[in-house]
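Residue numbers 0 to 310, in numbering that gives the first Met the number 0, belong to the letters of the sequence shown in order.
Backbone N, C-alpha and C fix where the C-beta goes; we use that ideal spot for every residue, glycine too.
Right, one structure below, let's go through it.
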Amino acid sequence: MTTLGLEYIFDPELIVPSETAKSSIAFWARLWRRVEDRQPRLGAASLEGLLELWEDPPSHEVIAPADFQKLIGRLASRAIERGSPGHVVCAAHWLPAYKPSLGHEENPARLLRDLSGVPFGNAVFVSTVEECWTDLDAVPSCQACVGQRVYLDLPGGPTAVNIMRAEFLRTSHGDPKEISNAALVLFPHLVFSDVAWVGLSTLTGDKRELTVSLVRDLGVLNDHACAIWEQTVQNHERIQLMKTFDVVASPEGTKTHRSPRLMSQRDSLFSGVSRRCEWHTKLSPSINRIHFAVEGRIVYIGKIVDHLDTA
């Protein structure tokens, strides 16, 4: 079974202000917004900067003492236990691309220290702000940096779930059966039937290629199917929009629709409730299907199977 590890950390930019920003309502308002996200944690260097703030707090006019104490407490409780070995990215590649906005001038070095304390077994997702990164094309810029698996949480960048899928494919043994064990993490918006995974053994082809194709198609269903179904009502439009994500999908043909016996093969139980999943993605032109249904904001996965009978 593949074990997935993704550690979220705060960019010190969000935690340790410059002397000017320490008296800025904008800095504290930004931090309050970001601390509502309960996933990012605090690296060792950021924690040190936070404790220095505790010793020399901002003006009461900027943030009320009670609010400041609450904020410090919430952040300090999310400190990471330092691990070894940690992530070591190339300072020569990262530092020129990073410039503090409201943060302290030493925050670039703090970020590198924070990364070095995250156990290397996990990928790292940095909760940051776009204005700090002056040259995103340079991050990362070498294989050594890429190998550290450090990702920035930026508009247009990879989402956490996409990172998890990449991590899964990187660490998996290429067996499609592994996907079922990680499905809740990889595809959090999909609902799988009681027998969704039973047909995995019927899929034909190279196991590694099947694993990649399944993660791709299930990922698109998770990320985009609901929006596509909301935007369009015509089947041909939905087919075309799915193709824009490199997924071939369609409903059953007219002849199959005429057969109650054949259509009943598309029915699956979801916690005792029967749903018809006739739409299917095609992992290859003639074989290997993911049968699904979109209802409102939910995508139901009925069966993953080589091929159901058709007319």
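Alpha carbon of residue i to alpha carbon of residue j, nearest angstrom
i	j	result
residue 190	residue 265	16 angstroms
residue 100	residue 195	48 angstroms
residue 120	residue 5	9 angstroms
residue 131	residue 124	16 angstroms
residue 106	residue 44	9 angstroms
residue 57	residue 21	6 angstroms
residue 282	residue 257	25 angstroms
residue 173	residue 205	9 angstroms
residue 241	residue 251	16 angstroms
residue 235	residue 291	17 angstroms
residue 224	residue 167	22 angstroms
residue 274	residue 29	45 angstroms
residue 94	residue 170	29 angstroms
residue 65	residue 12	23 angstroms
residue 129	residue 25	16 angstroms
residue 7	residue 14	14 angstroms
residue 10	residue 55	21 angstroms
residue 122	residue 112	16 angstroms
residue 222	residue 293	12 angstroms
residue 59	residue 50	18 angstroms
residue 165	residue 89	22 angstroms
residue 262	residue 188	26 angstroms
Identified DSSP bridge partners for residue i
i	result
residue 152	126
residue 20	DSSP lists no partner for residue 20.
residue 266	275
residue 41	78
residue 296	DSSP output for residue 296 lists no bridge partner at all.
residue 260	According to DSSP, residue 260 bridges with nothing at all.
residue 291	278 and 300
residue 116	Note: residue 116 sits in no beta bridge, so no partner.
residue 190	299
residue 132	97
Assigned secondary structure, residue i (DSSP; H/G/I helix, E/B strand, else coil)
i	result
residue 35	coil
residue 215	helix
residue 14	coil
residue 5	strand
residue 0	Low local confidence applies: a pLDDT of 42 at residue 0 is under 50, so the model's placement there is unreliable, with the coordinate-based value given in what follows. Residue state, collapsed to three classes: coil.
residue 243	coil
residue 195	coil
residue 26	helix
residue 248	strand
residue 184	helix
residue 102	strand
residue 305	coil
residue 62	coil
residue 173	coil
residue 87	coil
residue 200	helix
residue 311	Here the chain has residues from 0 to 310 only, and residue 311 is not among them.
residue 56	coil
Nearest to residue i (by Cα), restricted to the options the options
i	options	result
residue 160	90, 226, 88 and 186	186
residue 213	17, 288 and 59	288
residue 295	216, 286, 247 and 229	229
residue 81	94, 40 and 17	40
residue 17	94, 169, 48 and 272	48
residue 76	37, 114 and 225	37
residue 68	53, 60 and 61	53
residue 245	111, 226 and 219	219
residue 253	238, 268, 277 and 273	277
residue 114	129, 96 and 87	87
residue 215	163, 63 and 35	163
residue 269	259, 243 and 298	298
residue 260	179, 279, 293 and 307	307
residue 271	149, 192 and 279	192
residue 92	203, 147 and 231	147
residue 118	59, 233, 149 and 183	149
residue 284	207, 203, 262 and 263	203
residue 74	35, 63 and 84	35
residue 179	302, 243 and 102	302
residue 211	104, 177 and 231	177
residue 280	263, 46, 300 and 262	300
Rounded distance between the beta-carbons of residue j and residue i, thought under 8 angstroms
i	j	result
residue 201	residue 255	Contact doesn't hold; Cβ gap of about 19 angstroms is too wide.
residue 153	residue 133	About 13 angstroms separates the two Cβ atoms, so there is no contact after all.
residue 217	residue 175	Actually they do not touch by this definition, with Cβ atoms about 11 angstroms apart.
residue 155	residue 304	Incorrect: roughly 36 angstroms between the Cβ atoms, too far for contact.
residue 238	residue 248	6 angstroms
residue 79	residue 102	Actually they are not in contact, since the Cβ atoms of residue 79 and residue 102 sit about 19 angstroms apart, beyond 8 angstroms.
Residue i Cβ short of 8 angstroms to the ligand COA heavy atom set
i	result
residue 50	What this structure holds is no ligand at all, so the ligand COA is not there to describe.
Min CB distance residue i to chain C below 9 angstroms
i	result
residue 194	Looking at the structure shown, chain C is missing, and only one protein chain is on hand.
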